[in-house]
Amino acid sequence: MIIEIQCLPNPPGNAGQRYAHVEAAIAVVQASGIRYEVGALGTTIEGEPDEAWRVARAAHEACLRAGAASVVTVIKVAETATEANRVGIDDLIGKYRE
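Using this note's numbering, you'd call the opening residue of the sequence shown number 38 and step up by one each time.
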């Protein structure tokens, strides 16, 4: 399963760190051990469905724990019915990397 998650905390950070609440979400993804790529407008994670959903939820909740007053999270999910048809991050964007 591939999930692209975009956490939009309000505010995105604090006076000392402009994007502290967003960075809290990314830190949760990094600590999870799941395969991920951080992009300019979201983070893509790849893993088994239960693990990927758990990490996405934890990233969302991390924004609130970090001090955001609220958070809206946009999630896109790609999943296949069979292992034979499974695609990963590299399958989708590998040819665009330098």
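Note that CB positions come from ideal geometry on N, CA and C, so glycine has one too.
For E83, the closest alpha carbon among the candidates I130, I126, A106 and Y133 is that of I126. Following the DSSP letters along the chain, one finds R72 inside the beta strand (DSSP E) bounded by residues R72 to V75.
Beyond the five residues adjoining it in sequence on each side, S107 comes within less than 6 Å, by CB distance, of N47 in the same chain, given in chain order. Counting along the chain, the unbroken beta strand (DSSP E) around P46 starts and ends at I39 to N47. The beta carbon of H58 sits closer than 6 Å to those of P46, P49, G50, C100, A103 and A105, all from its chain and outside the five residues before and after it, given in chain order.
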